[in-house]
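*Asks:*
2 protein chains.
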Amino acid sequence: MGVTTAEIDIPTDEAPAALSISAVAELTGVSAHALRYYERIGLLSVKRDHAGRRLYAPQDVQRVVFITRLRHTDMPIRDIQRYFTLVQAGPATESERLELLVRHRESVQAQLANLHTALEAIDFKIAVYGGSDRSCL
Amino acid sequence: MGVTTAEIDIPTDEAPAALSISAVAELTGVSAHALRYYERIGLLSVKRDHAGRRLYAPQDVQRVVFITRLRHTDMPIRDIQRYFTLVQAGPATESERLELLVRHRESVQAQLANLHTALEAIDFKIAVYGGSDRSCL
DNA sequence: CTAGAGCTTAGAGTGCACTCTAAGTCAAGA
DNA sequence: TCTTGACTTAGAGTGCACTCTAAGCTCTAG
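First to last, the protein sequences are chains G and W. Number 71 in our numbering belongs to position 38 of the first sequence; there are no gaps in the numbering. Number 100 in our numbering belongs to position 67 of the second sequence; there are no gaps in the numbering.
1. Please state whether DSSP places ARG86(G) in a helix, a strand or coil.
2. Reducing DSSP to helix, strand and coil, say where LEU52(G) ends up.
3. Compare the C-beta of HIS66(G) against all C-beta atoms of chain W and say whether one is closer than 8 Å.
4. From ILE159(W), ALA154(W), TYR162(W), VAL161(W), pick the residue whose C-alpha is nearest to that of THR101(G); which is it?
5. Taking only beta-carbon positions, decide if GLN114(W) is within less than 8 Å of chain G.
6. Output the distance between the C-alpha atoms of GLN121(G) and ILE110(G), rounded to the nearest integer angstrom.
7. Per DSSP, LYS80(W) forms a beta bridge with which residues?
8. So, using beta-carbon positions, are ALA65(W) and LYS80(W) closer together than 8 Å?
9. Give me the chain G residues within the contact set of TYR162(W), using Cβ-Cβ distance strictly less than 8 Å, ordered along the chain.
10. Is the CB-CB distance between ARG159(G) and LEU133(W) below 8 Å?
11. State the DSSP-derived secondary structure class of TYR162(G), mapped to helix, strand or coil.
12. Does the beta-carbon distance from VAL94(G) to LEU52(G) come in below 8 Å?
13. Go to VAL120(G), then tell me how far its alpha helix (DSSP H) extends in each direction, as first and last residue.
14. Tell me where the alpha helix (DSSP H) around ALA125(W) begins and ends.
15. Check each residue of the region 143 to 154 of chain W: if its Cβ is closer than 7 Å to any Cβ of chain G, include it; give the result in chain order.
16. Could you list which residues in chain W have their beta carbon closer than 9 Å to that of VAL57(G), in chain order?
17. Specify the secondary structure class of ASP93(G) as computed by DSSP and reduced to three states.
18. Applying a beta-carbon distance threshold of less than 9 Å, which residues of chain W neighbour LYS158(G)?
19. Among residues of its own chain, excluding the 5 on either side of ASP82(W), which ones have a beta-carbon nearer than 6 Å to its beta-carbon?
20. Checking contacts by CB at 8 Å: is THR106(W) closer than that to chain G?
21. Taking the beta carbon of ALA125(W) as the centre, do at least 16 other beta carbons fall within 10 Å, making it buried, or is it exposed?
22. Throw me the rounded Cβ distance for the GLN114(W) and ILE54(W) pair, which I believe falls under 8 Å.
23. Which of the three DSSP states is assigned to THR150(G) in this structure?
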């Protein structure tokens with residue numbers, strides 16, 4: 034719901050809408066606690082309003098989504114930190130970023146292979162119903 | 034190496050060969066520490082030799098392999114415990130085991146979907162080279 | 001003016017799955 | 001006989017990624 038939440042139409046020409054931490058939490062499924070944690074460890078750098086509250090710009094939200102995707106592939110927080118440190122550092126680091134991504138892609142492909150193997154084992158157990166010890170694969 | 038380690042040829046007609054903890058560790062890639070841990074929490078029940086050392090029968094090794102597959106799919110240790118508790122309890126629990134496996138299969142399929150989504154995002158970043166903030170997906 | 005919701009911070013606590021330590025036993029080789 | 005090395009145990013420690021707590025600030029509604 035509420036993609037238009039917290040939208041400000043008239044007052045500023047400030048681009049497309051800044052979201053509160055709770056809005057981002059709801060939108061992305063990442064808890065507010067985790068969002069603050071991500072910021073603390075340098076994955077994110079979010080502007081504040083006059084009262085010191087976080088205002089998430091669309092690109093911040095996109096970054097959260099991308100972090101979530103990487104976490105779903107079990108990329109360690111360390112590596113995600115390293116990646117965004119490189120992004121911060123500018124275009125000179127592009128080849129290193131690329132290398133990092135390519136290496137991670139291999140890990141994802143390995144995970145996919147693992148999952149397929151495991152799925153076969155589970156399917157086999159299901160097929161033999163109940164899975165006695167004998168039929169381990 | 035040493036598949037023949039600790040093999041006893043003549044004395045007993047005890048089936049096909051029992052492996053030491055280190056042999057199983059090497060064979061399966063699960064550390065000896067982890068193997069003891071698995072036993073402690075009830076995932077495994079392994080016989081001892083006269084000196085109290087673990088002797089892994091082939092079906093024990095197969096169970097370790099199956100546990101590893103389940104762990105690769107992020108099944109929580111709790112659920113694996115539950116599964117093997119049901120196996121222990123005999124054929125009356127087959128339908129519950131089946132249900133558990135079917136539910137887990139769904140989770141594996143969800144993981145596969147997640148991985149594919151993430152892989153696409155990574156591939157996209159790689160395609161646009163270096164992955165500037167703009168191109169988050 | 002006041003109450004309450006929702007935010008802020010630093011820092012402590014949690015749960016998972018190992019992983020390691022310490023102290024001891026045992027069998028085989030020099 | 002002595003040493004070496006692999007094993008045993010109970011229990012403590014580790015690393016990761018959050019997750020929560022406590023104390024305090026600020027905006028809005030009543």
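Where a beta carbon is used, it is the ideal one built from N, C-alpha and C, also for glycine.
*Replies:* On the basis of the supplied data:
1. Residue state for ARG86(G) is assigned as coil, using DSSP reduced to three classes.
2. DSSP places LEU52(G) in strand when its eight states are reduced to three.
3. Not closer than 8 Å to any Cβ of chain W, the Cβ of HIS66(G) fails to qualify, so no.
4. Distances from the alpha-carbon of THR101(G) to those of ILE159(W), ALA154(W), TYR162(W), VAL161(W) put ALA154(W) closest.
5. So, not an interface residue.
6. Going by the C-alpha atoms only, they are around 16 Å apart.
7. LEU88(W), per the DSSP bridge assignment.
8. ALA65(W) places its beta carbon 8 Å or farther from that of LYS80(W).
9. By Cβ distance, chain G contributes GLU127, LEU131.
10. According to the sequence displayed, residue 159(G) carries Ile and not Arg. No. Outside cutoff.
11. Coil, per DSSP.
12. Against a cut-off of 8 Å, the Cβ pair of LEU52(G) and VAL94(G) comes out as a contact.
13. Where VAL120(G) is concerned, the enclosing alpha helix (DSSP H) starts and stops at 110 to 121.
14. Note, ALA125(W): premise wrong, no alpha helix (DSSP H); not H, not E.
15. Among the residues of the region 143 to 154 of chain W, those with a Cβ less than 7 Å away from any Cβ of chain G are GLN144, LEU145, ASN147, LEU148, THR150, ALA151, LEU152, ALA154, in the order of the chain.
16. Near VAL57(G) there are no residues of chain W at all, since even the closest Cβ is about 14 Å away, more than 9 Å.
17. Helix, per DSSP.
18. LYS158(G) reaches chain W at PHE99, ARG130, LEU131, LEU134, counting residues in chain order whose Cβ is nearer than 9 Å.
19. Within the same chain, and ignoring the five residues on either side of ASP82(W) in sequence, the residues whose Cβ sits closer than 6 Å to its Cβ are LEU88.
20. It does: the Cβ of THR106(W) has a partner Cβ on chain G nearer than 8 Å.
21. Exposed, by the Cβ-count rule.
22. Not a contact, Cβ separation roughly 20 Å.
23. Helix.
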